[in-house]
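Count the sequence shown with numbering that gives the first Met the number 0 and you get residues 0 to 184, in order.
One structure below.
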Amino acid sequence: MNIEIKVSRSDFRSVLKKLKIANKPMKYGEAVISFDSNELCFQAQGVEVQIHAEGYWPGKARVSLFNLNPLLRLLRLLPAQDPILIRYQDNKLFVQSYTMPCIWQDISPEFVEIPIDIPWTEILKLRYRYTEPQLISSGIMPKLVAAEDKLNNLIIAASKLLKPAGISEDDLHRLAEKKLRNDSE
């Protein structure tokens, strides 16, 4: 899988501006680029800037501030393309066509293995056994979302039948969550 992130041109420009203003000419130290919950985070010399991003970035890219300086100088010359593609490959960080050396620190979550024929009711329990990054990186999230949708539809149907007894849809959701959580331990 390609390690790459897409960010809006205007957001990326604002990151570069903030880093440039906060860190006059930079020769020593490093900038760290990480990704969590659709937020790309840039950290350099005590400054942290986060912007919305989409993609796959299971680690931290560490870039020498000396190597980042030319990119900051190109602030006015950013490519017209939107979104801007930032990617890592072979110890290099690419921002569109600009390349700089970097060190990659892998922080990939542990891979989750499941049987091919796992019942949808067992897939529901995975939410309580593993972290979301583990489920996403293992490719399980689409199956989990489908199982949760199926459960939700069943709860809606059951709540209509149980409404005369004073049992609401929320009551059934709480009951299902408690049961799944207990069965997951």
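Even glycine gets a Cβ: it sits at the ideal position worked out from N, Cα and C.
- Under the DSSP assignment, Pro100 falls outside any alpha helix (DSSP H), being part of the beta strand (DSSP E) whose first and last residues are 97-100.
- The stretch 127-138 and the stretch 95-114 touch, with three or more beta-carbon pairs separated by less than 8 Å.
- Looking only at Leu134, Ser183, Arg61, the smallest Cα-Cα distance to Glu121 is reached by Ser183.
- With distances taken between CA atoms, Tyr97 lies nearest to Ile83 out of Gln104, Asp105, Ile83.
- Taking C-beta atoms as the reference points, Gly45 and Glu3 fail to come closer than 9 Å.
- For Val31, the uninterrupted beta strand (DSSP E) run begins and ends at 29-35, by DSSP.
- Residue pairing by DSSP places Phe41 opposite Ile32, Val48 in a beta bridge.
- Under the 8 Å Cβ criterion, the stretch 133-143 does not count as touching the stretch 151-165, having fewer than three qualifying pairs.
- Its chain contains Leu179, Asp182, Ser183 as the residues whose beta carbon lies nearer than 7 Å to that of Lys124, once the 5 sequence neighbours on both sides are disregarded; these appear in chain order.
- DSSP, reduced to helix, strand and coil, places Val111 outside both helices and strands of the structure shown, so it counts as coil.
- 9 Å or more divides the Cβ of Ile106 from the Cβ of Val62.
- According to the DSSP assignment, Ile2 belongs to the beta strand (DSSP E) that extends over 2-6.
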